[in-house]
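Residue numbers (our numbering): -18 to 263. Report on the following structure.
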Ligand SMILES: [Zn+2]
């Protein structure tokens, strides 16, 4: 996933020829309805904006498209042909590049909304014009958009010569599906420490061969998911019952319901399936 996107905090001085506006009402994005798909509005001129931020430009083949994030009042009604829609509902309707930009946009709007005042001395913050930050004019405290790193890990194990992977069901999830394990990084912890700790806490297993897989921003509300693969080393599954309802070893032939295609969790599982099938064919 490579975005042809150049982030910046400095908007063009003149109104650009091509623009996308990511306009939020709460956490819902304004989209132009176009049958099965959704598109982004090219201007914000019909709206009274509570706040706006320049995001940067998307380098499309034909032209640069300048991107803006904005927020409107809770009472704002969408114009004819448009709707405010939650980002998760747009997973299958908005093109991938625009969806991740929407995730960037919603986090910047949320950060602006929740950091109006200095958290040390309560003076109104000022937005810096050279980086994505705010600074308190009284005490100098600088505040950046918060990103919360979390690890997500697929644990593999050979059982009787057959490759298995560990999938768990979280008791708080509404939909019935299984996924790989995940958890937030604690202060002072390396990502690898976090992988070992989370897996031991949630299912009581020890790991070996922890390897980086890839990462994905997850704007619900501000995570960065850092994906790993690992191999089972020792231990028996012991569930952390407050969080994990079930955890089992699965083969590619008996996979349960899985997370959405958009998630790195699903990419981890899909990569396992591909590896096993490649081995079979070899
Ligand atoms: Zn201050």
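From the three backbone atoms N, C-alpha and C, an ideal C-beta is built for every residue, glycine too.
Judged by DSSP secondary structure, residue 84 falls within the alpha helix (DSSP H) whose first and last residues are 77 to 95.
Closer than 6 Å to some heavy atom of ligand 1: that describes the Cβ of residue 104.
Relative to residue 149, the option among 3, 255, 136 whose CA is nearest is 136.
Taking a cut-off of 8 Å for Cβ pairs, the segment 71 to 80 and the segment 26 to 33 do not touch, as fewer than three such pairs fall below it. Distances taken from the Cβ of residue 109 to the heavy atoms of ligand 1 include none shorter than 6 Å. Per DSSP, the unbroken alpha helix (DSSP H) holding residue 257 starts and ends at 245 to 262.
Here residue 199 has 206 as same chain residues with Cβ atoms under 6 Å from its own Cβ, once five neighbours each way along the sequence are excluded.
A distance criterion of 6 Å places the beta-carbon of residue 175 beyond contact range of ligand 1, judged by its closest non-hydrogen atom. Assignment of beta-bridge partners to residue 113 by DSSP yields no partner. DSSP places residue 157 in the coil class of the three-state scheme, outside both helix and strand.
Separation of residue 11 and residue 90 (C-alpha to C-alpha, rounded to the nearest whole angstrom) is 14 Å.
Inclusion of residue 197 and residue 140 in the CB contact set at 7 Å is not warranted, their separation being larger than that value.
Just so you know, the alpha carbons of residue 57 and residue 192 end up roughly 47 Å apart. The closest CA to that of residue -11, considering only 203, 22, 85, 184, is found on 85.
In this model, residue 83 and residue 47 are separated by some 13 Å (Cα to Cα). Residue environment analysis places residue 120 among the exposed positions, since fewer than 16 neighbouring C-beta atoms fall within 10 angstroms of its C-beta. Between the C-alpha atoms of residue 249 and residue 241 there is a straight-line separation of about 12 Å.
Here residue 163 has 131, 132, 133, 134, 179, 206, 246 as same chain residues with Cβ atoms under 8 Å from its own Cβ, once five neighbours each way along the sequence are excluded. In the assembly as shown, residue 52 is a buried residue. Its beta-carbon has 16 or more other beta-carbons within 10 Å. Taking residue 194 as reference, the option from 201, 211, 202, 188 with the minimal CA-CA separation is 211. Contiguous beta strand (DSSP E) elements confined to the segment 178 to 210 occur at 187 to 199, taking only those with 3 or more residues. Between residue 5 and residue 21, the C-beta spacing is not below 7 Å. Taken atom to atom, the span from the alpha-carbon of residue 202 to that of residue 88 is near 7 Å. Per DSSP, residue 149 is one residue of the beta strand (DSSP E) stretching across 143 to 151. With 16 or more other Cβ atoms inside 10 Å of its own Cβ, residue 176 counts as buried. The straight-line gap separating the alpha-carbon atoms of residue 99 and residue 117 is approximately 6 Å.
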